[in-house]
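Q:
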Amino acid sequence: MLLKPTTHDWRIIAHYAGRLIVAVGILMLVPLITGIIFGEWNSVLDFAIGASVTVGFGLVMTTVFPQTSDLTTMQGLAVVAIAWLLAMIFSTIPLYLSGHYLSVLDASFDAMSGFTTTGLVLVQDIDHAPNALNMWRHLMTFIGGQGIAVLALSVLIRVSGAGGAFEVYSGEAREERVLPNVARTARFIWTVTFTYMVIGVTVLFAVLLWQGMEPVKGIMHSIWVFMGSWDTAGHAPQSQSIMFYHSFPVELVTLVLMLGGTLSFGIHYALWHKRRREITRNVESVGFVISVALLSTGVMAGLVAAGTYLGLGELFRRGLYQVLSAHTTTGYMTIYPSELATQWAPLALLSLMIAMGIGGIASSTAGGIKLLRVAIAFKAFVLEIKRLILPESAVVKQKFHHFGTRVINDAVLRNALLIFTVFLLTFFGGAAMGMLFGIPFTEALFESTSAAANNGLTIGVTSADMPTLLKLTYIVQMWFGRLEFLTVMAFFALVIAAWRGR
Amino acid sequence: MSKKQKWWELTRENLETKEMLKGIGYAIGYAVAVILLILVVTIVAFYFTPYIAEASEHEDEITRTVTNVELYSSSEILDRSDELDGRTLVYEGETIGEALERGDNAWVNVSDGRNAMGLWLSASEAGKITRYGDYRNDGDIVRATGVFRRSCSEHGGELDIHVSSIEILRVGEERSYSVSPSKGVLAAVTLVFLGGAVMLNRRYSQKSSKKIIKRRRRT
Numbered sequence: 119m120l121l122k123p124t125t126h127d128w129r130i131i132a133h134y135a136g137r138l139i140v141a142v143g144i145l146m147l148v149p150l151i152t153g154i155i156f157g158e159w160n161s162v163l164d165f166a167i168g169a170s171v172t173v174g175f176g177l178v179m180t181t182v183f184p185q186t187s188d189l190t191t192m193q194g195l196a197v198v199a200i201a202w203l204l205a206m207i208f209s210t211i212p213l214y215l216s217g218h219y220l221s222v223l224d225a226s227f228d229a230m231s232g233f234t235t236t237g238l239v240l241v242q243d244i245d246h247a248p249n250a251l252n253m254w255r256h257l258m259t260f261i262g263g264q265g266i267a268v269l270a271l272s273v274l275i276r277v278s279g280a281g282g283a284f285e286v287y288s289g290e291a292r293e294e295r296v297l298p299n300v301a302r303t304a305r306f307i308w309t310v311t312f313t314y315m316v317i318g319v320t321v322l323f324a325v326l327l328w329q330g331m332e333p334v335k336g337i338m339h340s341i342w343v344f345m346g347s348w349d350t351a352g353h354a355p356q357s358q359s360i361m362f363y364h365s366f367p368v369e370l371v372t373l374v375l376m377l378g379g380t381l382s383f384g385i386h387y388a389l390w391h392k393r394r395r396e397i398t399r400n401v402e403s404v405g406f407v408i409s410v411a412l413l414s415t416g417v418m419a420g421l422v423a424a425g426t427y428l429g430l431g432e433l434f435r436r437g438l439y440q441v442l443s444a445h446t447t448t449g450y451m452t453i454y455p456s457e458l459a460t461q462w463a464p465l466a467l468l469s470l471m472i473a474m475g476i477g478g479i480a481s482s483t484a485g486g487i488k489l490l491r492v493a494i495a496f497k498a499f500v501l502e503i504k505r506l507i508l509p510e511s512a513v514v515k516q517k518f519h520h521f522g523t524r525v526i527n528d529a530v531l532r533n534a535l536l537i538f539t540v541f542l543l544t545f546f547g548g549a550a551m552g553m554l555f556g557i558p559f560t561e562a563l564f565e566s567t568s569a570a571a572n573n574g575l576t577i578g579v580t581s582a583d584m585p586t587l588l589k590l591t592y593i594v595q596m597w598f599g600r601l602e603f604l605t606v607m608a609f610f611a612l613v614i615a616a617w618r619g620r
Numbered sequence: 190m191s192k193k194q195k196w197w198e199l200t201r202e203n204l205e206t207k208e209m210l211k212g213i214g215y216a217i218g219y220a221v222a223v224i225l226l227i228l229v230v231t232i233v234a235f236y237f238t239p240y241i242a243e244a245s246e247h248e249d250e251i252t253r254t255v256t257n258v259e260l261y262s263s264s265e266i267l268d269r270s271d272e273l274d275g276r277t278l279v280y281e282g283e284t285i286g287e288a289l290e291r292g293d294n295a296w297v298n299v300s301d302g303r304n305a306m307g308l309w310l311s312a313s314e315a316g317k318i319t320r321y322g323d324y325r326n327d328g329d330i331v332r333a334t335g336v337f338r339r340s341c342s343e344h345g346g347e348l349d350i351h352v353s354s355i356e357i358l359r360v361g362e363e364r365s366y367s368v369s370p371s372k373g374v375l376a377a378v379t380l381v382f383l384g385g386a387v388m389l390n391r392r393y394s395q396k397s398s399k400k401i402i403k404r405r406r407r408t
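Chains as they are written, first to last, in my numbering: chain S, 119 to 620; chain H, 190 to 408.
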């Protein structure tokens, strides 16, 4: 029998979602302060309105629905799914009020793109945008990349002794607990991030000064580009993405930051504790190197065969950069979107799409199917081949290293294949929707993959002119992709249960 | 799960037990079915009202002759990059950001409203530009004449224009912003709402914490 969720279920979900929303609202103070510093008074009002409504709403939710018990798994997953939707809705307020969006939907699209670290944008006239707006655009990617729940767990929610914290944490596509306590894990994530932030912003600032930028703009750009790179979001303060700087050193620094962001926090933990062998043994880091090598070869071969780029420097800065940007799901571009459509050969585009689809390492800031699942699927394939060629009586096992030696069993394989399959369905489902609006298959699949894998590379489909239904499709794809489906499905399951249950 | 359970019967217990994945599988099946239904309805709807692509109909895509070389918009340059590669052309737009000086030369980004393109020019030519577009300023509107490269070997394959001369068509000016009174009123109202929410929360939290303390004392 289908059990209808009780009022208690909804109350506890609303309570925790409210807490997460309060965290988002408080963070709106950062762009508000930025606006005050730069004297952007309209932006100050935009963010005062946004922060007041968001924090107020969150507080009302937590007050009206008090915490009476710990979260169950189902409730935890629903909290995360709802909180991400609410974060998008409330973040739309200052974005839309800025006057840089043609519609509320466009502002919502950018909010979801920001939180999910996708990087597809519909913002208008970004070259004349205030610093406060740019700060919020990038801060959304920063919060989203780290995880709204991670932020709340480390700051707002006191989890000592409270159950349910892991449910909220894992709802954001993070399965591994770096430390035994989830709150400490969340704080470790922030420690790593802030350490890299100090180093990354300093290096970027120095490089930007060297490359001819004035100091005030240099410091702001270095903070924003750090957020865009580390959180594999690909947001940039100028319309030309990373091309604005016309600088190989800037591209190199962003590449390092992207790679840092795509490493899981588990691997960062191992590296911090001088367990360097983990990176050479972990199935994901090894798989990432192999995948980048293979897909770079595909891209280079395609570009050389088509005569798009012939020199080594050109292939590195235009070809390899795009592969790494795609594979880490960052979405920074050193070429124009139309160049992908008109200059890139099908082989190069296919390789780029595969890189986008696979994405980064699990439990990192990156999106996509994730290398762990691809590696498990590949190992399972090898296992089946072994079973075929070995005697029937042979006991065959396939192991992989992921913070310890693990054996591929049915549960592991089922989990990996389930997500793998749903991602593929989403890629092609989004492409089908694009084709309905007359977009050619390749372009439609490219953009759909980019949205669902939270990538942000665009072939030119994403624009404020695109049909409303397609914008909605990409919003849903970004949301599903970032939370890796199970969280959103659990939320839908709860809704179905509320509808059909007794 | 009992044998008589139907396929949609996804219970909370299922999700809390080892069969969580199985239960979510049902939910995914259900969602896929709904999505397929929506797709079919949309296909039928759009079959009768076909979408007309407007991607290439940009009003600003005009080409005209200016002093023997042709003026191109950024969209045209990008769409016809193979054809225009190596040709001298004219490009107009607003200077944005700032000049990024590299020795005797500089990069200047110029936007025509559709795209911004990188212009590589001498520092002295760049020095003619008085203002660059950002939040506070409208940049100079410039007309640049130079050689277009689809993949410039000097600049790591960048799509750029090596400018020989630049002309200021309109000098940029400072933007003025007035604070919107309606936004001010809205901000005041929302701040009152926030204040109310904070008071409600503090009062309730005190009450609930007192209740918890009382309960603990009793037990």
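C-beta: ideal position from N, C-alpha, C; glycine also.
Rounded to whole angstroms, how far is the Cβ of residue 326 (chain S) from the Cβ of residue 368 (chain S), which I believe are closer than 8 Å?
A: Residue 326 (chain S) to residue 368 (chain S), Cβ: 7 Å. Contact.
Q: Does the segment 401-410 of chain S come close enough to the segment 478-488 of chain S to have 3 or more Cβ pairs within less than 8 Å?
A: In short, these stretches touch, since the Cβ pair count reaches three.
Q: So, under 8 Å CB-CB, residue 324 (chain H) and residue 248 (chain S) are touching, yes? Tell me the CB distance rounded to an integer number of Å.
A: Indeed, because the Cβ distance is near 5 Å, the residues count as touching under 8 Å.
Q: Chain S partners of residue 317 (chain H), CB-CB under 8 Å?
A: Here the premise fails: no neighbours, minimum Cβ distance about 17 Å.
Q: Can you give me the Cβ contacts of residue 577 (chain S) inside the same chain, cut-off strictly under 7 Å, excluding the 5 residues immediately before and after it?
A: Result list for residue 577 (chain S): 455, 458, 459, 561, 564, 565, in chain order.
Q: Spatial neighbours of residue 615 (chain S) within its chain, please: CB distance less than 8 Å, with the 5 preceding and 5 following residues excluded, ordered by chain position.
A: These residues qualify, in order along the chain: 120, 121, 122, 123.
Q: Starting from residue 350 (chain S) and walking both ways along the alpha helix (DSSP H), at which residues does that stretch end?
A: It is not in any alpha helix (DSSP H) - residue 350 (chain S) carries neither H nor E in the DSSP assignment.
Q: Would you call residue 354 (chain S) buried or exposed, if buried means 16 or more other Cβ atoms sit within 10 Å of its Cβ?
A: Answer is buried; the Cβ neighbour count reaches 16.
Q: From what residue to what residue does the beta strand (DSSP E) around residue 144 (chain H) run?
A: No answer is possible for residue 144 (chain H): it lies beyond the span of chain H, which begins at 190 and ends at 408.
Q: Residues of the segment 349-364 of chain S in Cβ contact with chain H at a cutoff of 8 Å, in chain order, please.
A: Of all residues in the segment 349-364 of chain S, 356, 357, 358, 361, 362, 363, 364 have a Cβ within less than 8 Å of some Cβ in chain H.
Q: According to DSSP, is residue 239 (chain H) helix, strand or coil?
A: Reliability fails at residue 239 (chain H), whose pLDDT of 37 lies under 50, so the model's placement of it is uncertain and the value that follows must be treated cautiously. Three-state DSSP puts residue 239 (chain H) in coil, outside helix and strand.
Q: So with Cβ pairs under 7 Å, would you call residue 350 (chain H) a contact of chain S?
A: Chain S contact via Cβ: absent.
Q: Answer with buried or exposed for residue 353 (chain H), where buried requires no fewer than 16 other C-beta atoms within 10 angstroms of its C-beta.
A: By the 10 Å Cβ count, residue 353 (chain H) comes out exposed.
Q: How do the segment 571-588 of chain S and the segment 168-181 of chain S stand: do at least 3 beta-carbon pairs fall below 8 Å, yes or no?
A: Contact between the segment 571-588 of chain S and the segment 168-181 of chain S is absent, because fewer than three Cβ pairs lie under 8 Å.
Q: Does the separation of the CB atoms of residue 150 (chain S) and residue 266 (chain S) fall below 7 Å?
A: Taking 7 Å as the Cβ cut-off, residue 150 (chain S) and residue 266 (chain S) do not qualify as a contacting pair.
Q: Does chain S have any CB closer than 7 Å to the CB of residue 376 (chain H)?
A: Chain S, which has a Cβ nearer than 7 Å to the Cβ of residue 376 (chain H), makes this yes.
Q: What separation, rounded to the nearest whole angstrom, lies between the Cα atoms of residue 337 (chain S) and residue 361 (chain H)?
A: Cα to Cα, the separation comes out at about 25 Å.
Q: In the segment 288-307 of chain H, which residues sit with their C-beta less than 9 Å from some C-beta in chain S, listed in chain order?
A: Cβ contacts with chain S come from 288, 289, 290, 291, 295, 296, 298, 300, 302, 304, 305, 306, 307.
Q: What does the Cβ neighbour count give for residue 451 (chain S), buried or exposed, with the cut at 16 atoms within 10 Å?
A: Residue 451 (chain S) comes out buried.
Q: Which parts of the segment 524-560 of chain S are runs of the alpha helix (DSSP H), unbroken and 4 residues or longer, counting only runs that do not cross its ends?
A: Taking only runs of at least 4 residues, the alpha helix (DSSP H) segments lying wholly in the segment 524-560 of chain S are 528-554.
Q: Excluding the 5 residues flanking residue 339 (chain H) on each side, which residues of the same chain have their C-beta closer than 7 Å to its C-beta?
A: If we look at residue 339 (chain H) and ignore the five residues flanking it on each side, its Cβ neighbours are 270, 271, 274, 348.
Q: Return helix, strand or coil for residue 517 (chain S), following the three-state DSSP convention.
A: DSSP places residue 517 (chain S) in strand when its eight states are reduced to three.
Q: Suppose the cutoff is 8 Å on Cβ atoms and the five residues either side in sequence are ignored; what does the same chain contact list for residue 298 (chain H) look like?
A: Within the same chain, residue 298 (chain H) has close Cβ partners 284, 285, 286, 305, 306, 307, 308.
Q: Below 8 Å on C-beta distance, what does residue 249 (chain S) contact in chain H?
A: Here the neighbours are 324.
Q: Determine the burial state of residue 528 (chain S): buried for a count of at least 16 other Cβ atoms within 10 Å of its Cβ, exposed for fewer.
A: So residue 528 (chain S) ends up on the exposed side.
Q: Closer than 6 Å by C-beta to residue 237 (chain H): which residues in its own chain qualify, once you throw out the five before and the five after it? Chain order, please.
A: At residue 237 (chain H), the pLDDT of 43 sits below 50, so the modelled position is not reliable; the number obtained from the coordinates is stated separately. None.
Q: What would DSSP say about residue 577 (chain S), mapped onto helix, strand or coil?
A: DSSP places residue 577 (chain S) in coil when its eight states are reduced to three.
Q: Among S:305, S:240, S:235, which residue has its Cα nearest to the Cα of residue 344 (chain S)?
A: The shortest Cα separation from residue 344 (chain S) among S:305, S:240, S:235 belongs to S:235.
Q: Of all the residues that make up the segment 360-393 of chain H, which are near chain S by a beta-carbon distance shorter than 8 Å?
A: If the cut-off is 8 Å between Cβ atoms, the segment 360-393 of chain H has 364, 366, 368, 369, 372, 373, 375, 376, 379, 380, 382, 383, 385, 386, 387, 389, 390, 393 near chain S.
Q: Using a Cβ-Cβ cut-off of less than 7 Å, list which residues of the segment 324-336 of chain S approach chain H; keep chain order.
A: The segment 324-336 of chain S vs chain H, Cβ under 7 Å: 329, 330, 331, 332, 335.
Q: Using only the alpha-carbon positions, how far apart do residue 239 (chain S) and residue 392 (chain H) sit?
A: For residue 239 (chain S) and residue 392 (chain H), the distance between alpha carbons rounds to 42 Å.
Q: Pull up the CB-CB distance for residue 215 (chain S) and residue 228 (chain S), whole angstroms please, since I reckon it's below 8 Å.
A: With 8 Å as the limit, residue 215 (chain S) and residue 228 (chain S) do not qualify as a contact, their Cβ atoms being about 13 Å apart.
Q: Whole angstroms is fine: what's the gap from residue 607 (chain S)'s alpha carbon to residue 322 (chain H)'s?
A: Each residue's Cα considered, the two are about 46 Å apart.
Q: Are the beta-carbon atoms belonging to residue 281 (chain H) and residue 326 (chain H) less than 7 Å from one another?
A: No. Outside cutoff.
Q: Taking all protein chains shown into account, do 16 or more other C-beta atoms lie within 10 angstroms of the C-beta of residue 265 (chain H), making it buried, or fewer, making it exposed?
A: Classification of residue 265 (chain H): buried, given that the 10 Å Cβ count is 16 or more.
Q: By a C-beta neighbour count over all protein chains shown, 10 Å radius and 16 as the cutoff for buried, is residue 366 (chain H) buried or exposed?
A: Exposed.
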